[in-house]
Structures are given as structure tokens and as C-alpha cells.
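Residue numbers (our numbering), protein chains in the order written: chain A, 1401 to 1731; chain B, 1401 to 1731; chain C, 1401 to 1731; chain D, 1401 to 1731; chain E, 1401 to 1731; chain F, 1401 to 1731. Yeah, the Cβ is synthetic: ideal placement off N, Cα and C, and Gly gets one too. A quick note: this is a predicted structure, and the numbers were derived from the prediction, not measured.
There are 6 protein chains.
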Amino acid sequence: MKDIYIADLANFDEGKLFDGFFLVLAKQQRTTKSNKPYLNLILGDKTGQLEGRVWEPSDPRIAKEFERGDIVKDRGSASRFDDRLQMKVDQLRKAQPNEVDKADLLPATTYDVPTLWKQLLGFVDSFTNPDLKLLLTTMLADPAISHAYREAPPAKQLHHAWLGGLLEHVVSLCTLADRVLPSYPLLDRDLLLTGVLLHDIGKVRELSWEIGFEYTIEGTLLGHIQMGVALTEQTIDSLPNFPPRLKTLVLHMILSHHGKLEFGSPKLPMIPEALALSFLDDLDAKMQAIQGEFDKCLREGKSADELTGKVWALDQRQLLNTKRWLGEGKE
Amino acid sequence: MKDIYIADLANFDEGKLFDGFFLVLAKQQRTTKSNKPYLNLILGDKTGQLEGRVWEPSDPRIAKEFERGDIVKDRGSASRFDDRLQMKVDQLRKAQPNEVDKADLLPATTYDVPTLWKQLLGFVDSFTNPDLKLLLTTMLADPAISHAYREAPPAKQLHHAWLGGLLEHVVSLCTLADRVLPSYPLLDRDLLLTGVLLHDIGKVRELSWEIGFEYTIEGTLLGHIQMGVALTEQTIDSLPNFPPRLKTLVLHMILSHHGKLEFGSPKLPMIPEALALSFLDDLDAKMQAIQGEFDKCLREGKSADELTGKVWALDQRQLLNTKRWLGEGKE
Amino acid sequence: MKDIYIADLANFDEGKLFDGFFLVLAKQQRTTKSNKPYLNLILGDKTGQLEGRVWEPSDPRIAKEFERGDIVKDRGSASRFDDRLQMKVDQLRKAQPNEVDKADLLPATTYDVPTLWKQLLGFVDSFTNPDLKLLLTTMLADPAISHAYREAPPAKQLHHAWLGGLLEHVVSLCTLADRVLPSYPLLDRDLLLTGVLLHDIGKVRELSWEIGFEYTIEGTLLGHIQMGVALTEQTIDSLPNFPPRLKTLVLHMILSHHGKLEFGSPKLPMIPEALALSFLDDLDAKMQAIQGEFDKCLREGKSADELTGKVWALDQRQLLNTKRWLGEGKE
Amino acid sequence: MKDIYIADLANFDEGKLFDGFFLVLAKQQRTTKSNKPYLNLILGDKTGQLEGRVWEPSDPRIAKEFERGDIVKDRGSASRFDDRLQMKVDQLRKAQPNEVDKADLLPATTYDVPTLWKQLLGFVDSFTNPDLKLLLTTMLADPAISHAYREAPPAKQLHHAWLGGLLEHVVSLCTLADRVLPSYPLLDRDLLLTGVLLHDIGKVRELSWEIGFEYTIEGTLLGHIQMGVALTEQTIDSLPNFPPRLKTLVLHMILSHHGKLEFGSPKLPMIPEALALSFLDDLDAKMQAIQGEFDKCLREGKSADELTGKVWALDQRQLLNTKRWLGEGKE
Amino acid sequence: MKDIYIADLANFDEGKLFDGFFLVLAKQQRTTKSNKPYLNLILGDKTGQLEGRVWEPSDPRIAKEFERGDIVKDRGSASRFDDRLQMKVDQLRKAQPNEVDKADLLPATTYDVPTLWKQLLGFVDSFTNPDLKLLLTTMLADPAISHAYREAPPAKQLHHAWLGGLLEHVVSLCTLADRVLPSYPLLDRDLLLTGVLLHDIGKVRELSWEIGFEYTIEGTLLGHIQMGVALTEQTIDSLPNFPPRLKTLVLHMILSHHGKLEFGSPKLPMIPEALALSFLDDLDAKMQAIQGEFDKCLREGKSADELTGKVWALDQRQLLNTKRWLGEGKE
Amino acid sequence: MKDIYIADLANFDEGKLFDGFFLVLAKQQRTTKSNKPYLNLILGDKTGQLEGRVWEPSDPRIAKEFERGDIVKDRGSASRFDDRLQMKVDQLRKAQPNEVDKADLLPATTYDVPTLWKQLLGFVDSFTNPDLKLLLTTMLADPAISHAYREAPPAKQLHHAWLGGLLEHVVSLCTLADRVLPSYPLLDRDLLLTGVLLHDIGKVRELSWEIGFEYTIEGTLLGHIQMGVALTEQTIDSLPNFPPRLKTLVLHMILSHHGKLEFGSPKLPMIPEALALSFLDDLDAKMQAIQGEFDKCLREGKSADELTGKVWALDQRQLLNTKRWLGEGKE
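Here it is in C-alpha cells:
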């Protein structure tokens, strides 16, 4: 396990030595004004990113061969430059396998992934519609899909942007849908849950998360909506006798789940289940983003009277932590 | 009880005689091309509106004194003109008190109002925050408010546009909120439910529903958001020691519940409870509008393959009744 | 061949008898004010639509058994009601097979379809990229696709809204693309032409054109963009060794060809060929709409000084026929 | 009185010593790369802000105890870093009471406040409607309101953003309204002036201006429109027999004065006085912003041929000083 | 003078005979269902428009030769059809010259045109800038311009849509500008008044008002902004030594006076005079539209409690007549 | 010819000496922290801009007299500061006439200007409409216009932003128009080409390009559309017997060529030639911007898998170089 995380360095004394395992997100060769070569690195772990400078790349304590994507162990000190932290790297070597958990290097869900996965399969198991149950069972039994589903983040930045975040978001949404369903008897439970389980399935191909979170070129040109529809349609077409009307409805739910044309859904929700899906998905993403901002404020030591930073997922609005503000008001 | 409702006339043979109790929504004196005076009426009941023509206003079987707002009993026959129904009125007299239930003349909730009211008070009773509990108890104990709350429609046209519709909508939302709350521990239950209970309280003054549903001039110039905030603020100010921060939050929830400036909220939701309220309110309104459209299609005998009409609350989108369409696909 | 077309009736004397073959687009039973049953019909041919009234449905000269979708021969006279034409139908019988050409009943391209088809295949034949050539050859060799491609209209109303209109539009666009290509050497000709040939392929499933032009339920819920992508992807996946990058680009062109998210493209054009396709497609549709409006003005006898009606495809703008206006100015 | 203002430093030689009184807007402890602690300050006066660095915080000439909100006397020199000015602080002590005028530390109106206040009361005195006169007299007689009214800035940044700016803006608007009124006899003078006097009254609670200009949390969650409506409604409700219709109109004017929903007015102007108010308020704010930009250009020594910087209140447009440009053209 | 105006007919008994002079705005030959020819006319006078039907065109009392644009005297009776008035024309002859004042046939200003013109010249006379004075004097001395300026309406429909309306609007704006100028010393009076006097000068060519108010083809393709700039530029270029900078500013004011790109101004106001012009022009147009709506409500007998119809110039908003509503509240 | 261009310095070793000719785009006097005066320069050539620092302005090797707009020869070394390049200038003298080609100092077309000009005249020569031919011949024969036309850039930044860029863009558009014309017989070739040749003619006055590319004040206040219309109208008015309708159409094409009001066209295209012009102009600008971005990526050594930077002319979209990406995929 890592001892020091990038987020910890904010409160670190400048100049004090420390060791840490990091993922190399970028590596560039440069020269100083006095024409001396040095290395500029972007180092990352699950708590953030940090610029690193190797002023003496020929020092024998600096490994010669390491590349973008490698995990390294660095020793050095932090300094602050124009309010950004920078690490002066004195020693650097590639990490041994198993010396560090990859989950420490990219942000990851704090939930237990096997438990989440079991919960998700439990929802499928509760289906009464045999066609939809077979569809989900088939897709989730595909090793490539199920492996990626457990790892994928649902976004590069906005909400649940961490390893396992997609799984966490979907299980949260299934639970939410099951709570909301009794209020609206016109909703078909199996169809709504199918939409929840598959709406972001294209993310497993849209994003790559080996070295940081990036969109693949295919993801950029086609998008996770199209990729998810294609994946689902292929599976459906491989099942004998899947009802064609049901196929249309399942694909429509994936296509329309962003709820608005300008958010990249080529069709607006035209069935009640699709409308409910787009609302619940949006609500869950926003509530998670708010929770994330509140946690960040606490980490950064902001007072109860201060608003959060501008929240991207809420159109750059700032929020107030109700419970903290009320709590303080009582004292 | 009424025997014949306006909605029934759609399938009525032209020319066949019938009797009915109606509310007079408008009354105008006119003359025919041949210079003969006649009366043009708009008649309404809980199922719709109908134009009525009294071609012989001097006939002794036509009451002389009746006005807009009166309940009348008419005898006559229906005819179709350019696809709109019209009633030729042969006899007309003012109804006796108790001859007809006013609830038959304006559309009204199909739920039992005392039961709904009890459910609503039950939510207040479950509060743990004493200040919010006192606020709600005080407001709902005001006879003027509690009487109007039980009758008011929450809109002139869009969703729940019927007597008791506000109460029905609020109870539905309380239930929904209680179902959603376990998913988001950051939400303060009492504050969220307070928002649900008070968000549309200004409707009791914005709309009048004596004769059809109309906006009052005050309602038009100030709006139910401002009226609801004022009503709430007055009550709070009458309570000794209501915490000022809590007052700010309660008012903010009413102010921001439309969720967007262009929908008439002068402030966007800036606390998690306000965000959740705007989502759930919007979802509930839309789901009710969809259910209403599906019911209307059934009444009108549309086939399972036909989309609904354009739904105002969904930006004029047309919807498909999933369950009917799938059901038919199976046969 | 038909003798009289609906468009001809505009200049017809009211009351004068005529015969005509029409497609029955709708049929409803109604009763008059005096309680007499009659039939209300919507009759169509390739030049327009007309309301028909059968006042004596029990007349032996009126066929008992005919339905929506049947072709009938009617005898009757036209009358004008509030500026709309109406036909009083005196006689009506179902048409014999071959008595009338279906092409006379739905608007159809004025070009020779086999010639257009040959031109289209000629473009495919000129490809130098073997993968794209094989893809197109395979798709166009599928009898279901090629038959539909030759018949489909590309829109219900806007532009080229006639049988064979899709084929006409695509051949026109291929020719245009070939003319523009020398100006921009950065464009890959085969990829651009592939986009032209496939961008609207989903229309063969989005629309039905048996009885008038209608959207299918599947078309309404999924849209021709998604349907075209799916059709293309299935064919590509059936070809061994189709390059995966090329697949991404072909699908991207179909996905993005509407050029804007709010026009239903879930992705904006991100390669030069996709950008060019969206421009040329839009230009061709608009130029055709203008030509259609100019033709209509001539048919309706408008003077050279009058603007056209409001053109839907040009945001309700009105246009001026330059050549006519200048020509008249010279006299 | 202060000798040196922050705005003067732009033309100051780097390194030259100077003394000055400043308000401490922020104070942070930091360390240099070589691990030496220093203080980073934000210093302000009525002409602007300046970053200050105390490199030797333990120097006996540097006061130990001073906080955000204190007024201090600093000695040091200016330097330019990446085009921003920075002050190197050599000596620092807390200012004695009365050593400096607070009006020198926050930007303030250049008009005489008692004179402005008298002008404002003069407008009230000229009312002929006794109810409106009583309303205004009552509100302005409230010491808390009248004191704040004389100090409040009407905005944090945009226009009249200085102490007394609200009063200055309102007197300017009253004068303007009185000039415009003869052009539109349909306008009720007393009602329009009431709107002018009260439209921004909520600002006295929305903003705090003790230490710089900031929004209060209540102001952020409720906004000055709601706060002004509440303040006015409370006063009206305390007056016996204030006409209810007049109350509705006064509140409507405050509610609608931003003129557009997207600017935070929950209602659009629906009476002529409200429309006129929204126009004149907007015009006055923009003209003041332009005057402010022209003054800034002169201070910064820009030539007559240069446009101003981008003006926030005019959608980032740049403006030309007509008179200067024409004047120069004549030479 | 005319005895009966179209607006009077609203309260007219159906069937009662009357005579009137009207302008023929349209004339069409049609046939009845029974194949009988009749004439359909659009008749207009300064108070509105009316459909006329000549059922017996061969009646000797109906003139044979009259065309669109002729003034006729009609005798007949009014009838109401689906709430629109229609005139049954029994007799019709062309009017004698001088039998009717053309000002009675198109809506016209109620002010005295020579007086307005004198006021306008008075403003020019008060200029101190000799170049601007010469420019205005020259333009207004051109007989074609000065004649048209006195007649032109400034719009086809929206505001001041009557003969002499442009002149009335400009004089009103000059007066308003002179009232506002003392509030903003940064404004150059002569330049602002020049903008007021010339901003709509292009209307004299954009519209034709011989037979109703219509846009010319040139007006439709170029617009009054461009036409006004061209007219002004030609005059300026004909004056020796007009300062080039002043020319730029004058043209900029005309170009930018609509205040927004989407309203057809190709440039936004970038000088204070242009900004003031766009505000005052907009305010004056809206206040006049409101006054017009209030007058219409009085004419139509609407009660003080009713809102106006939807006002085009105010984005379809409805307004309340403050003074009437307050007045009624007092009784 | 210059030896070293600013773009070359990106790969230059820090500290290494070099010589170069540059245009002085800005010159400022400053002082260091230690109160030493130095000069800050912005130097430019056709490949970019560079900040220069003269730390010893009194060094005899530094010229005393040089100003903004001068061409200088500098000797010094490059250094990198926070990723921006800076030049330390050791020697500086004004360049001799003819020592450097001005075309090396501002970006310029890579085509041969006399050849482009000849092509442009060839298009005019091919006109069959004598009026349009005379118009163009007259305008292009004006030495001021023809000289500026050959030099002007069509934009400060977006597309073809280089000397001769306007000419290059227009010739490219003429060629494109000629290719597209056979597809749309309704287009008048001479009118369309006239629009192409004149649409941006106002740029010769809107921009100045002596020292960098800047908008003139007149250009900023009036815009190239208005300036181009005025220039064209003056020429037309000087020609005897130019048909007035043709004049209207030519001016309309210039006015409407931006295609949207919000892009500064005061009229939307209302004739087919204007619509075609706005499409082709937009397509050509975008294709050139894409080509420019692809070239830049190659220069900067980006891999085939990387998207371009955000392209201003394409709403900040990033693009993929199809041919490179496919090419790499094949290896």
C-alpha cells in the first residue's frame, strides 16, 4: 500500500523529503536556460496529479528506462510554484510487480466490487420477463464485457470518474429505480431495469483506463450511446426468438437516455420507461457530484459558510452543504 | 349524480335527445344572418366543455335568468360541426341546490380527499425537526389554507388540473420522496418534505376555481412562487425562535423548485434538497401527464399502434404506451 | 393512366362531373345533423389529397367493401368549402388490377429509376478502395435493400418526398460530390461517396410508403440514423477482414451527417469527409426545396413579383425566383 | 487622507520605496522553495487590489497581530511580475483609528451622500398618492434600512460597484424617470417612482460591504429581488388600509424589474410602469458602465483611437469614446 | 367624410343595410357549389378590413370595372360567420374623386402632419454641429424624401403602423432624447438626434403604402437599415468636406439601431449615442404598442379586470391597464 | 531571404545564439526588480510571434531608434519560460531596405499572386451578362481596389489569415462554384460568380495589414459587409443604365452571404444564388481551416492517433486526419 498520496502533499512542508509510488502519465525531455537537459514528468495516483522535475537525469539513482504508463517509486521533495505543487525528483526506479496495488494509482470505487457485482446479478435474477432476463444474462456472461463492466469509469471527469464507477452508478440506479417503481404502476419494471443496466454499457469501449482515463478514437467518433446500442443489438440478434418489439424498446432506451438532443441522444424518450431512466440517471449523477464536492470541501478545510467550487455537472453552480451550515448555525 | 357527461357525447348519435346538468362557463347574446337573436353558451362539466346554442331564447321552456357560474339542467340534442360537437338546447332551467354534486361539474381527483389529507398530515407528524414540524402544523391548521389546499388544482391545464389535484400531487410526491431518500443520505428528510409540502402552496392564491380554472390578477402579476414564499415567511415570522438559517433554506426551496430561471424560478437550486425537489416534482408531473394521455387514448379508442397526441408537458412530444404495444405484439 | 389529378381540380368548375382513380388514405362513418349516415374519405393521388363525401352510402353505385389502402374509381363533382376543395362522390368502385399505375397514386420521381440505379452502381464501380467497394456491392446486392432503395422517399414531407426520391437525391449528391472533390485534395473520394450512398440507407426502414408516407413505430423510436448504422454494421461484420478503422469512419459518417446535435446526429462531423457530406446533403436538400417551390408558384400562376410561400426547409423563409424576376424586369 | 493609491502604482518605478494605508482583504502563511516562511497578503483600497509579500515576517518592524479586515500602514516597494504588480512589504503596522478614512479604502461614490439622500427624500415628498407616500416614508424612516441604503453598493462588480452606489443609482434613476414621464401620459408617476426607489432595496441585505463587497449566504440563496419584495411586503402589511391592488402592483414592479426570466425576474413586466422601470434601470446601468470604462481608459493613458476593454455589462463588447475620437479627428 | 367605419360594424345588427366607402385590397372571381359565379372582395378602411361577397355580379347595380386599389362605395348588410364579419354587397360603384378622403381609408396619425414636420425641422435647427446640420437640412430638403417621410408608416404591423406614423415616432423620439440627454453628459446631442432622425429613413423605400402597407421587393431583399445607410451615405458624399470620422459614426448609428444581431442590425452599438438610440427607440415602440392595446380594449368594451390581448411587440405578453384597474379598485 | 523563422525555434536548444529578421509588433520600456531599465518587444515574422527582452538597452550594439512597425535584425538566444519561448536580444539594428522580403514577415499565400489574379480576371472574362461584366471590370480596374484585393487577408485569425489570402479564397471559391453549377440549373452563373467575387470586397477596408493584421476603427464600427455594399453601390451608380433589379440582387448577395443574422448578415439569403454562395463560402472556409490544422499537427510532430487542437472555425471541435489514421492502421 502507498504511504503518501498526492492529495496529502497540499499540507506538506516545502523541501521535506518523501517517497511515493506513482503512475507516469507523461514524460518529456527538456533543457534549462543554461542548456542543461532535464526531465519533466506528470505523475498520478488515485488522489490527483503532480508535475515532477528530474534535474539530474544522468544521476545513477534515476532509472534510465521508464515510459508513460509505468509505475515508479520516486524520492524527492515538494515545492510550490505560483500556487501549483511541483516535485523535485532525486531518486526514481520502476516499481516491482505487487509492490503497489494498481487500485492506488487510479481513483477507484470505495465499495467492494464483488459485492456490487453480486447485487447487480441479483437484479437480473429478479426479472420476470424471460427474454430480457436472457438478454442480460447473456451479455453479463461475456467475459470481456463483465470484466470491463466491473472496471470502467462512467466518465472521464464528471461523475463517478473512478475505476468501478460504472458498476457503482448502475447498482445505485437499480436500487433507486426499484424504490421509485411503486409510485408509477404504468412502468414496466423489467424494461426499466434493463435500461438502467445497459444505458452506459458502451462506456466499456468508449473509454480506456489503462493510463489515466481517456476516450478512445472509436469512442470519440461513435460515442458510448452508439457503441452500447450496437453491443446490445448484436447480442439480441444472436438470441433466437427475441421479440422484435421488445428489441426496439430496449434500443430506444439506450438511444434516448441522455434526455435531450443537444446532450447527444439522437432520440428523445418516447416511452415512460425511457423518460424515467433519463430522470433517474441525471438525478443520480448530480447527487453524486454534489456529494463529491462536499467531501472535497471537507478535505480542503473549507468552513461551513463557504460554498463549494463551481460544479461542472450543475452548470458551474456553487452549492451549500445544508447539514453543515445548519449544524454550525445551531452552535 | 349526473347521467350524461360531455365526454360521453363523442359517441352519441347526432340528433338524439338527452338531458344533462352543466356549469355555464360563458353566455353571449347573438343574432343569426336573418337577424334573429339566439344565445351562445359554453357549458362545462368535469369531463370537458361543449358549445350550446339556444335558437329560441323566448321559448317559455328556456329560463330567463341565468348567468355565467350558474348550474343549469339542459335538454337538447348534439350535432357535429366541422368535427366539433355542439348542443342544440331545447329546454333549460337552473338546477336546484343538491340536485347535482359540484364535483361532477369541475374535474376532480378520483382519490378520497379526507384520506389524502390524513396521509399528508401523517407525513408532517413523522418529522423529527421540531421547528419544521411546528411550521407545517401551523400553516395547515389555518382554516383558509387547509380548505383551499384540499380543493386547489396545481395548474390550469398541464398536469393534475382538477379539484384536489394539488393535494393528490403533494401526497404522491411525499411518498416518492420517502422512497428516494434512502438512496441519498446527504439529504435532510424533514427539509425535503417541507419543500414538497410547501412548494406549490402559493397555488391556493394564484388560481381561482369557482367557475372553471382561472388565474387571478394577483396570481398573474406575482405568481405562485412569490405568493407561496410570502405565505410561508409570514407564518415563520409569527413563530418565536424559528432559526433564521432554516428560514432561508425553506424559502430557497420554494423559490428554486422550478429548477430553471426560464421556468420562473428566480434562483437555481443550490442545496441538495432543492435539487432533489425540482427533479421529483418534474418527474411526477410528467409521469402523471403521460398516464393522462394513455387514459385518453383508451377512451378515444386509439389502437395500441398509435402514438398519443402531442403532450404539452413533454414539449409536444408524442408517446407510445409500452405495455399495450408489447401486449399486442405478443398476440 | 389517370385522366384527372387532384392538382387539376383547383381550376375546375364547381359542380362539374368527373371520374378519377384515387388511393383511399382514410375512411370514416359519420352522421349528418339530420341523423343520416354518410362516409367521409381522404382520397389521394400523386399530386395531392382531397376530402371526399359519400352522402348516399347505400346507393347501389357505391361499393360496399373497400378499405383504407384500396385503389378506387370515383365519379362525382368538386365543391369549394372555406377555400378547401371537397369531392361529392356519386359512384365508387374498387379499381381492377392494372387499371391504374400505382406510380400515379403516390408522388414519384420524374427520372427513370433503372437509369438512376445504373448511375448509382457506376459510382460504386469506380471505387479504388476494395473494402468499401465490397461493402457497397454487398449491401446493394441484398434484394430487400435494393428494392426498397429504389422506392423509398427520403422524407415524409420536406424534400424529395416522393417514390424514388431517395435514389434521385443520392445520385444527385454523388454527382455533386464528384464535382467538388477536386477542390479539396484532403478528401478521400471513396470514403466520401460511401457516406453519400449510405447516409440515408436507414430510411428504407424508417418510413413506410404503401399507403401514403408514414413513419413506422420502429422508425419513430430509433430513427433512420441508428437504423442505417445498424444495417451497415451488420454487413461490415459479415465481411471477413474489413479494416476496423475504416468501419469506425463509415459509421461515423452516417452518425454525423445531420451536422448538428439538435438535428438528431449524436456526433458532430469530426473528419473532413463527414463535414463535406453534411454540407453537400444540406445544400442539395435546400436547392431541391427551392426548385420545388418555384415550380409550385408557376403551377399556381403566381407573378414574377411574388415571393414563394414559406419554405419549411429554409426556416419558413420566402424566396424570390431570380431568373423570372430579372427576366420580367427586362421587358 | 491617503497619499498613495493602488491605481497610482501602475506608473511607479520598480524598487522605489513608498508608504500607504490599505485594507487587508486576505492573509496567508506560506513557505519559499528554500523552506523559509513568508506572508502573502491581498491589500486593497478604493482604487483596486494589490498582492503583498512579507519576506521577513519575524522582522520587528512587521506587526505580529493583524487579520483580514484590519487597516494597516505598509512601507515597501513595487515590482512587476508577469505584468502584475506586487508589493514587497518591509514595514507593516496596524493603523490608528482616524488615521485613515474608511471611504479611502473601499471605492465610494464621488457625490455627497447627505445631498443625495435629501434629493431622494424630495422625490418621496413630491408624491400625490398618500398610500405610496406613506409606504416610502415608513421604509426610509427605518434606521436600519436608511443607514444601509446610504452605504450599499448595487452590485459586487458590474455597475456603481462602490459605497453609496445604490443611492447614487436610485437618485439618477428618479431624475431620469421624471424627465421621461411627460412623454408617456399613460404612466402613473408615483407608481413608477416607487418602483425606482424600491427595486434594489433588497441589496441592503443581499450584499455585505464591511471587508470588500461580498454576497451574504442569504443573499446568494434568496436574491435581492425576493429580499426586497419581503421587506416591502412586511412594511405594507404593517400599514392599516394599504390598498391591496396597489400592493400587488408595487410588488410586481420589484419582481419584474430585471425584465427577463433568465436575468432572475420570476415575472416579466406586465404593466407599463414595470416595463419603463426595467428599461430605464438597464439604460442607466449601461451608461454608467460606459462612463466608467472611458474614465479608466483615460487613467490608463489609452489613445483616442483605442477601444475600451471588454465591458461585462455590455456582453463583453468594446466601445469607442465618440467625443475623444471626433475631437482628435479635428486636429 | 366616411359615415361608417369597419370597426363600427362589430356592434351592428346582422342584416341591417348600410353604405360605406372602402378601398379594394383584393378581388377574386369564384363559383358557388351550385356553379354560380360570385366575387370575393377584401375591403379596407383606416379602422380595419372586411370580407365582402357580391353574390350577383351581373346585377346592373354592381360596377363592372373596378380593380384592386380602387376606392368604391358599397351598399349591403353585415353578417357574422364563425365569429368573423362578412359584408353581403348589394350595390357597388367606384367613388368620385374627392368624394372621400384617402386618409379615411388607410389608418393615419391623429396628429397634424405640418405641425409634426415643423417640430422635426425645429430639432434640426437647434443643432450646433454645422456638418450634421447641413446633412439633415440637405436630406430633408429633397422633395422625394420629405414627401415620403411625412407619409410613411414605420412598420407594416407592429407599432405606429399608420400613415404619418414614422414622422410621429421620430418627433416623439427627438423629444424623449432631449429629455434624457441631461442625465448623460457623455452623450453628444447632435449625434444622438441625427441618429433619431435618420434611423428609420430607409423605411421610405422599404415599404409601399399606396394600397395597404406592403414591403417592396427591394425592401425585402435589402431592408430599411441598408437602404437608410445608402441614402445617408450618398448625401454625405455629395457634401464637400464632411468629416470622415463623423460619417462613420452616423452610419454606425443607423446600422446598429436594432440593438441585436438577431434583430437584423449587422453591428451592435459600440458608441454611447448608438446604445442610447437603440434603448429609446425600443422603449418608444413598446410604450406606443401598449397604449394602442389599451385603446383597443376600451373600444372593445373589455372590463378593467381583463388583460389585453397578446401583444406582438412584447413577445406575446398580455398587459394590465394599471390606472383603470386601480381606479376600479377604489370604487 | 530569412534564415531562421520563429516556428523553427520550438526545436532550438536553449541558450544557442542565432540571428534573424523580425517585424517589431510592440515595444515597451520597463524596469527590473533591481530598478534597471530594459526593453520588452513583441517580434513577429510570417510563422508566428516571439517575446524579446533587451536587458542592456544602452549597449552600443543595440540601435537607439527603432519603433513599432520597423523591421530589425536581432542576434540573441532563446529561452523557455513556463513553456513560452523568449528571446534574449544581444544585438539589434534596423534592417536595410531589400535586406529582407516583407512577405517573410507577415504570413502570405503560398500561391503565385499574379497567377491567381489572372485566374480571377479569367472568371470575369467568361461572363455573358454584359452589366455584371462591366461592373466587375470597373471595380477591379480601380488601382486602389485591385492592389488591396491582391494583398488583403480575409480575416484576422480564422481562415486564410495571410497576405493574399482573400485572393486565394476567392479564386478557390470561383472554381468551386463553377464545379457545382452544373448540378443546379436554376442558378444564374454570372450572378453567383459576381457574389463570389464581391462578397468580401469590404475586407480591403475593414482590415489593415501593414503591421500585423488589425481591424480599422471604421471596419469595427461598420463591418466589411456594409463597406462592401457601399463600394459596390458607388460603382454601380457610376455606370449608366445598370438595371436596378440586378443592382438589388447583387447587393443582396453581399448583405446575406454570412447566412445567419447572428453572424452579422442583416438579411438571410432569399434567392438561390445567395443561398449557394453562403454554403460554398462556409464550406471553403472550414475545409481550409481543417487543412491548416492538419498541417500544424504535422509540423508539431503529433502522431496519427492524436486529434487536432480545438478548431475555432468549427466551434472548438477537434478533428481526425482520416488519411493519416487509416494509413497508420494499415501498417
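- When L1680(B), Y1511(B), V1711(B), R1475(B) are compared, the shortest CA-CA separation from I1671(A) is found for V1711(B).
- In this structure, I1404(C) sits near G1420(C), with a CB-CB distance shorter than 8 Å.
- Of the other Cβ atoms in all chains shown, fewer than 16 fall within 10 Å of the Cβ of A1541(D); this residue is therefore exposed.
- Uninterrupted beta strand (DSSP E) stretches at least 3 residues long and entirely within the segment 1434-1509 of chain E occur at 1437-1445, 1448-1454, 1471-1481, 1484-1494, given in chain order.
- A distance below 6 Å between beta-carbons, with the five flanking residues on each side excluded, links Y1584(F) to no residue of its chain.
- Apart from the 5 residues on each side of it in sequence, E1568(F) sits with its Cβ closer than 7 Å to the Cβ of T1509, Y1511, L1516, H1560 in its chain, given in chain order.
- DSSP, read as helix, strand or coil, puts L1586(E) in coil.
- Shown here, T1537(B) sits in a helix according to DSSP, grouped into three states.
- Below the 9 Å Cβ cutoff, chain B contributes I1617, T1620, L1621 as neighbours of L1720(E), in chain order.
- Take S1678(E), set aside five residues on each side of it, and the residues of its chain with a beta-carbon closer than 6 Å to its own are H1657, G1659, P1669, in chain order.
- One finds V1629, A1630, E1633 in chain E with Cβ atoms closer than 8 Å to the Cβ of A1630(F), taken in chain order.
- Residues of chain A whose Cβ lies closer than 8 Å to the Cβ of E1693(F) do not exist, since the nearest Cβ in that chain is about 16 Å away.
- According to the DSSP assignment, Q1716(D) belongs to no beta strand (DSSP E), since it is labelled neither H nor E.
- Contact check for D1504(D) against D1445(D) passes: the beta carbons are separated by less than 8 Å.
- From the beta-carbon of T1575(B), the residues of chain A found nearer than 9 Å are P1582, S1583.
- In this structure the segment 1707-1725 of chain A touches the segment 1686-1697 of chain A; the number of beta carbon pairs closer than 8 Å is three or more.
- Secondary structure note for L1566(D): its alpha helix (DSSP H) is the uninterrupted segment 1565-1580.
- Neighbours of L1591(D) in chain E, taken as residues at a C-beta separation under 7 Å, are given in chain order as T1722.
- Per DSSP, A1426(A) is one residue of the beta strand (DSSP E) stretching across 1417-1431.
- In terms of beta-carbon proximity, I1690(B) lines the interface with chain A, with at least one pair separated by less than 8 Å.
- In terms of beta-carbon proximity, D1715(B) stays away from the interface with chain C, with every pair separated by 8 Å or more.
- Inclusion of G1565(F) and R1550(F) in the CB contact set at 8 Å is not warranted, their separation being larger than that value.
- A check of alpha carbon separations from D1459(F) across I1471(F), L1439(F), G1469(F) identifies L1439(F) as the nearest.
- Between G1619(B) and E1606(B), the gap from beta carbon to beta carbon is short of 8 Å.
- For the set P1514(D), T1528(D), A1630(D), E1614(D), the Cα lying nearest the Cα of V1571(D) is the one of P1514(D).
- Residues of the segment 1543-1559 of chain F with a C-beta atom less than 8 Å from some C-beta of chain C do not occur.
- One finds L1661, E1662 in chain C with Cβ atoms closer than 8 Å to the Cβ of E1662(A), taken in chain order.
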